[in-house]
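Numbering (the numbering used here), first residue to last: 1 to 443.
Right, here's the structure in full:
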């Protein structure tokens, strides 16, 4: 079946490219699809691998190709180039160089190449989103609507799982932490719209879906960062454009969080104190194992290889990690330690500067943006990246393809909205600089 899927994608992508070139007004539909698909790919099996290693211990198990890749490529080929800010280009080059070097020196280079290919696919969707945003005005809202629709759907799946007896529902993502991290990318743009009074009912539905995901999943990080993210989005929104409405809604959100705190905390307490203590201990042991790997391999062991090296090299045993699948089959629960262990100190430098430059570009664009939908979406996308960067300190699941897609989408939104806001500001300045009646002057 995978070859049928890949053949279909080879036919679908050129057709969509030609269609979008002839009908750019349909780009918002493609944008909606790109926002929605990361939430559906796993459940609908819309991914195939020409080269598959299903039993590999790393998070990337093959040379994957998905439906979203076909849509993104078609959008890319049917739109014009958008300039990427220098800071993002430089930091991505550093990270990419670290991935390339550690892949070339990896003892199992094919497994590491799988991650390099995943990074290329992330760049592809970033470029597609940023280009589409500046080509047709309605694309940014369509992308955010797709993210929200995906989150609403997954919250329904998680609710069914929870009512069916799963104490920590993960929806189609398979794990509560993975769904929780994915939810950030849909929630905070919706919060920004809600604060600004734009599409309030649609935005409220997405926020409530986020609450449902947090409750049914019972993940401590998801619940805590959901609350922090709401407050942080409000701060960014008020900093950009204060208003009485935003102040009132912000106060209402704080009250709602206080009232909901006992319910959300009851979700955390589905795991006993002993289970939570064991989890904290295991995370600490994993970090100790990662530190030993980093000390021995300052240039990294190669992307997608942490679990193999931690076990065969004796690092997990020396760190005291219990011999069971839940502990030994998972990488260190900290993306920054994981990247350093797999891609060396250069990889960590690239990751930190990349996240910092993305957030910096978003905040700078917000400061310069004039009032309107684009500015509010910038607030939400930037808040999502900030919360993602914090969440990455507690999780390794950032390495899954669907999370990479969501990061690429958010960065594409930030860069595309930045370009849109700059064009809008230039038009406003041009109108102000045009003397009254100049349009009717005799040449």
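We put the CB at the ideal spot given by N, CA and C, even for glycine.
Thinking C-beta only, is residue 34 closer than 8 Å to residue 152?
Taking the chain shown and counting its residues from 1, one reaches residue 152 at position 152. Taking the chain shown and counting its residues from 1, one reaches residue 34 at position 34. Going by C-beta atoms, residue 152 is not nearer than 8 Å to residue 34.
For the pair the segment 312-324 and the segment 276-295, tell me if three or more CB-CB distances fall below 8 Å.
A contact between stretches requires three or more CB pairs, one per stretch, nearer than 8 Å, and the segment 312-324 meets this requirement with the segment 276-295.
For residue 310, the three-state DSSP class (helix, strand or coil):
Reading the chain shown from its first residue, position 310 is the one you call residue 310. Of the three classes helix, strand and coil, the one that applies to residue 310 here is helix, per DSSP.
Run through the DSSP bridge pairs and tell me what residue 139 is partnered with.
Here residue 139 refers to the residue found at position 139 when the chain shown is read from its first residue. Answer by DSSP bridge pairing: none, since residue 139 is not bridged.
State the beta-bridge partners of residue 62 as determined by DSSP.
Position 62 of the chain shown, counting from 1, holds the residue named residue 62. For residue 62, which the question treats as bridged, DSSP gives the partners 52.
With three or more beta-carbon pairs closer than 8 Å as the criterion, would you say the segment 166-176 touches the segment 347-360?
Taking one beta carbon from each stretch, the segment 166-176 and the segment 347-360 have fewer than 3 pairs nearer than 8 Å; the two do not touch.
May I ask you to report which of helix, strand or coil DSSP gives residue 47?
Position 47 of the chain shown, counted from the start, is the residue given in the question as residue 47. Strand, per DSSP.
Under three-state DSSP, which class holds residue 443?
Taking the first residue of the chain shown as position 1, residue 443 is located at position 443. Reliability of the predicted coordinates at residue 443 is poor, the pLDDT of 38 falling under 50, and the value obtained from them is presented with this limitation in mind. If DSSP states are grouped into helix, strand and coil, residue 443 belongs with coil.
Near residue 13, what residues of its chain come up, given a Cβ to Cβ distance below 6 Å and the 5 sequence neighbours on each side ignored?
Your numbering for residue 13 matches position 13 in the chain shown. Result list for residue 13: 70, 73, 74, in chain order.
At the level of alpha carbons, what is the spacing between residue 21 and residue 256?
Counted from its first residue, the chain shown places residue 21 at position 21. Counted from its first residue, the chain shown places residue 256 at position 256. Residue 21 and residue 256: Cα-Cα distance of roughly 47 Å.
Could you please give the first and the last residue of the uninterrupted alpha helix (DSSP H) stretch that includes residue 371?
Working through the chain shown from its first residue, we reach residue 371 at position 371. Premise fails: residue 371 is in no alpha helix (DSSP H) and is neither H nor E.
Just the C-alpha distance for residue 167 and residue 192, rounded to the nearest angstrom, thanks.
Position 167 of the chain shown, counting from 1, holds the residue named residue 167. Position 192 of the chain shown, counting from 1, holds the residue named residue 192. Rounded to the nearest angstrom, the two C-alpha atoms are 31 Å apart.
Counting Cβ pairs closer than 8 Å, one from the segment 197-215 and one from the segment 182-189, do we hit at least three?
Here the segment 197-215 makes contact with the segment 182-189; the two share three or more CB pairs at distances below 8 Å.
Should the segment 100-120 be regarded as contacting the segment 297-316, the criterion being three or more beta carbon pairs within less than 8 Å?
Verdict: yes, contact present.
When the distance is taken between beta carbons, is residue 417 closer than 8 Å to residue 377?
Here residue 377 is taken as the residue at index 377 of the chain shown, counted from 1. Here residue 417 is taken as the residue at index 417 of the chain shown, counted from 1. Contact: yes.
Top-ranked residue by Cα proximity to residue 254, from 234, 240, 263, 245:
Looking up residue 254 in the chain shown gives position 254. With distances taken between Cα atoms, residue 254 lies closest to 234.
Same chain, Cβ closer than 6 Å to residue 59, neighbours up to 5 away in sequence not counted:
The residue labelled residue 59 in the question sits at position 59 within the chain shown. Excluding sequence neighbours, residue 59 sits near 399, 400.
Along the chain, where does the alpha helix (DSSP H) that runs through residue 278 open and close?
Here residue 278 is taken as the residue at index 278 of the chain shown, counted from 1. Run containing residue 278: 273-296, per the alpha helix (DSSP H) assignment.
Cβ-Cβ separation, residue 134 to residue 369 (assumed contact under 8 Å), whole Å
The residue you call residue 369 lines up with position 369 of the chain shown. The residue you call residue 134 lines up with position 134 of the chain shown. Not a contact, Cβ separation roughly 14 Å.
Starting from residue 80 and walking both ways along the alpha helix (DSSP H), at which residues does that stretch end?
Sequence index remark: in the chain shown, residue 80 carries index 80 (1-based). Counting along the chain, residue 80 sits inside no alpha helix (DSSP H), nor does DSSP assign it H or E at all.
Only counting the same chain, and skipping five residues up and downstream in sequence, which positions put a Cβ closer than 7 Å to that of residue 328?
If you number the chain shown from 1, residue 328 lands on position 328. Counting only Cβ-Cβ distances below 7 Å, and skipping sequence neighbours, we find 311, 316, 321.
For the alpha helix (DSSP H) holding residue 250, just list the boundary residues, first then last.
Working through the chain shown from its first residue, we reach residue 250 at position 250. Note, residue 250: alpha helix (DSSP H), 244-268.
Assigned secondary structure, residue 189 (DSSP; H/G/I helix, E/B strand, else coil)
Your numbering for residue 189 matches position 189 in the chain shown. Helix at residue 189.
Pull up the distance between the alpha-carbon of residue 219 and that of residue 94, whole angstroms please.
On the chain shown, residue 219 is found 219 positions in, with the first residue counted as 1. On the chain shown, residue 94 is found 94 positions in, with the first residue counted as 1. Cα to Cα, residue 219 sits roughly 33 Å from residue 94.
Reducing DSSP to helix, strand and coil, say where residue 469 ends up.
Outside the modelled stretch of the chain, which goes from 1 to 443, sits residue 469, for which no answer is possible.
Proximity below 8 Å, CB of residue 388 to CB of residue 333:
Walking along the chain shown from the start, residue 388 turns up at place 388. Walking along the chain shown from the start, residue 333 turns up at place 333. Against a cut-off of 8 Å, the Cβ pair of residue 333 and residue 388 comes out as no contact.
Less than 7 Å between C-beta atoms, sequence neighbours within five positions excluded: which residues of the same chain meet that for residue 443?
For the purposes of this step, residue 443 is identified with residue 443 of the chain shown, where counting begins at 1. Because the pLDDT at residue 443 is just 38, under 50, the model does not fix this residue reliably, and the point stays unresolved.
Residue 441, buried or exposed, once every other Cβ within 10 Å from all chains shown has been counted against 16
The residue given as residue 441 occupies position 441 in the chain shown. Bear in mind that a pLDDT of 45 at residue 441, under 50, signals an unreliable position, so the number given afterwards is only what the model happens to contain. When all chains shown are included, residue 441 counts as exposed.
Of the residues 56, 350, 38, the one placed nearest residue 307, counting alpha carbons only:
Translated into the one-based positions of the chain shown, residue 307 becomes position 307. Closest by alpha carbon: 56.
From residue 148 to residue 81, what does the alpha carbon distance come to, in whole angstroms?
Position 148 of the chain shown, counted from the start, is the residue given in the question as residue 148. Position 81 of the chain shown, counted from the start, is the residue given in the question as residue 81. Our two residues, residue 148 and residue 81, have alpha carbons roughly 27 Å apart in a direct line.
Within 8 Å, strictly: CB atoms of residue 62 and residue 51:
The residue labelled residue 62 in the question sits at position 62 within the chain shown. The residue labelled residue 51 in the question sits at position 51 within the chain shown. Closer than 8 Å, so yes.
At the level of alpha carbons, what is the spacing between residue 342 and residue 348?
In the chain shown, residue 342 corresponds to position 342, counting from 1. In the chain shown, residue 348 corresponds to position 348, counting from 1. Approximately 10 Å, taken between the alpha carbons.
Distance check for residue 36 and residue 26, CA to CA, integer angstroms please.
Along the chain shown, read from residue 1 onward, the residue named residue 26 stands at position 26. Along the chain shown, read from residue 1 onward, the residue named residue 36 stands at position 36. Approximately 16 Å between the Cα atoms of the pair.
In chain order, what residues of the same chain lie with their CB nearer than 6 Å to the CB of residue 139, ignoring the 5 residues before and after it?
The residue given as residue 139 occupies position 139 in the chain shown. Exclusion of the five residues before and after residue 139 leaves 27, 28, 31, 132, 133 as the residues of its chain whose Cβ lies within less than 6 Å of its Cβ.
For residue 380, collect the residues of the same chain with a Cβ closer than 6 Å to its Cβ; drop the 5 residues on either side in sequence, then sort them by chain order.
Here the question's residue 380 lines up with position 380 in the chain shown. Excluding positions up to five away in sequence, the list reads 188, 189, 192.
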